[in-house]
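Visitor:
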Amino acid sequence: MFGLFVDFKRAFDSVPHVLLWNKLFKAGISPKIFRILKILYDQAICQIRSGGMLSEKFEVTEGVLQGEILSPLLFILYLYDIVKYFREKKAKSIQINSNYDMIMLLYADDLVILSDSILNLRKNVNILEEYCGTHKLNINFSKTKIVHFKRGDPNEKTKIYCGNNLIEWTNEYEYLGVPITGSALGLSAANAACRKARLATGAALSSLAGLKARSWDGMLKIYKSCVQSSLLYAAPVWGLRYLEKLKQTHLMFFKRLLALTYGTPSAELRIELNLANSKLEVLKLSLNLVYQGPNEKSQSSLRRQSETWHEFKTFGVLVERSH
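Once you know that position 211 of the sequence shown is 211 in full-length UniProt numbering, the rest is easy, because the numbers rise by one and skip nothing.
(1) With a 10 Å radius around its C-beta and 16 neighbouring C-beta atoms as the bar for buried, classify residue 6 as buried or exposed.
(2) Does the separation of the CB atoms of residue 147 and residue 131 fall below 8 Å?
(3) List the whole-angstrom C-beta distance separating residue 15 from residue 64, where the pair is believed to meet the contact cut-off of C-beta under 8 Å.
(4) Ends of the alpha helix (DSSP H) at residue 288?
(5) Do the region 259-267 and the region 224-237 meet, that is, are 3 or more Cβ pairs less than 8 Å apart?
(6) Report buried or exposed for residue 144, applying the criterion of at least 16 other Cβ atoms within 10 angstroms of its Cβ.
(7) Just verifying my parser: in three-state terms, what is the DSSP assignment at residue 102?
(8) If you draw a straight line from the alpha carbon of residue 46 to that of residue 75, how long is it in whole angstroms?
(9) Helix, strand or coil: how does DSSP classify residue 16 here?
(10) Measure the alpha-carbon distance for residue 276 versus residue 160 and round it to whole angstroms.
(11) Given residue 157, which residues of its chain have a CB within under 8 Å of its CB, disregarding the five upstream and five downstream residues?
(12) Do residue 125 and residue 287 have their C-beta atoms within less than 8 Å of each other?
(13) Since residue 252 and residue 198 are thought to touch, with beta carbons under 8 Å apart, how far apart are those beta carbons, to the nearest angstrom?
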């Protein structure tokens, strides 16, 4: 399988307002909301501050406004029909099971287009070029890459062009903050998560020292918001293979906080501090991801997983209380 990781150049800044209004109208936005948005953008002006001086005012004629909460949603609505466009152009999807298939992954302007062969990869690149031309989107080819997902060392290096631009191959790409490799085993993601958690540990301990914090509850909140969130980010995707690696990093914060040696037994420390095992946390997150899958009530396999998840949640509570 091949993944085309697409990076748009000035994605939020390049949306033509006329095309945006047309998209919102087709998406069924209520006339009242539509008028409010149009008035807001028709009256939008900007000034540039440089060296303590302000430029003359000028109108914003394209792009969604920066720094306000509605802009990401407007951009999502601007691209809402991209999957439909690919299907209408007969793009071949990746079959997930008998009920579901997938052409791409899309989160705001972070796009991955999936293909099962070089032939279909070329076709998808051509469709993407057409879509971007129609919607006035520019591709940043220096950051747009292709990853070949396969067992062993990926060796496919066929030249793929989008227009006159050559798209480079890579063995690793960072998507939504997670390193994705051709092997898809998740080792790079696990190493990156542990590295970020160690950096977060240092920053959290420095903050606690500066604040002269004494509250244990406050320390736990700092740990969960800074360290645990870094360590377990997207863990359901890659973490199940590397539970032991996560466990070692998980307790580093508390060992340093309490000035304990690195060799302090992990199990005893968790019991003493009433901490849940990081393995349990990853399993909970992973099962929750399965539990939230599409139409789980209509699929017997997901029903069984749902029942297992409820049992596991009960088990998790018992384990945490036993600590």
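Cβ atoms here follow ideal geometry from the backbone N, Cα and C, with glycine treated the same way.
Guide: So, from the data block:
(1) One-based indexing of the sequence shown puts residue 6 at position 6. Residue 6 comes out buried.
(2) Here residue 147 refers to the residue found at position 147 of the sequence shown. Here residue 131 refers to the residue found at position 131 of the sequence shown. Cβ distance not < 8 Å, so residue 147 and residue 131 don't count as in contact.
(3) Start at 1 with the first residue of the sequence shown, and residue 15 comes out as number 15. Start at 1 with the first residue of the sequence shown, and residue 64 comes out as number 64. Right, the Cβ-Cβ distance comes to about 6 Å (below 8 Å), so this counts as a contact.
(4) One-based indexing of the sequence shown puts residue 288 at position 288. Here the alpha helix (DSSP H) through residue 288 covers 278-291.
(5) no
(6) As a first step, residue 144 is located in the sequence shown; it is residue number 144 there, counting from the start. Answer is buried; the Cβ neighbour count reaches 16.
(7) Translated into the one-based positions of the sequence shown, residue 102 becomes position 102. In the structure shown, residue 102 sits in a strand (DSSP, three-state: E or B).
(8) Taking the sequence shown and counting its residues from 1, the one referred to as residue 46 is at position 46. Taking the sequence shown and counting its residues from 1, the one referred to as residue 75 is at position 75. Their Cα atoms are separated by approximately 20 Å.
(9) Residue mapping note: residue 16 aligns to position 16 of the sequence shown, counting from 1. Reduced to three states, the DSSP call for residue 16 is strand.
(10) Counting from 1 along the sequence shown, the entry for residue 276 is found at position 276. Counting from 1 along the sequence shown, the entry for residue 160 is found at position 160. Approximately 48 Å between the Cα atoms of the pair.
(11) For the purposes of this step, residue 157 is taken as the residue at position 157 of the sequence shown. For residue 157, where only same-chain residues beyond five positions count, the Cβ hits under 8 Å are 169.
(12) For the purposes of this step, residue 125 is taken as residue 125 along the sequence shown, with counting starting at 1. For the purposes of this step, residue 287 is taken as residue 287 along the sequence shown, with counting starting at 1. The answer is no: Cβ separation not under 8 Å.
(13) Here the question's residue 252 lines up with position 252 in the sequence shown. Here the question's residue 198 lines up with position 198 in the sequence shown. Right, the Cβ-Cβ distance comes to about 7 Å (below 8 Å), so this counts as a contact.
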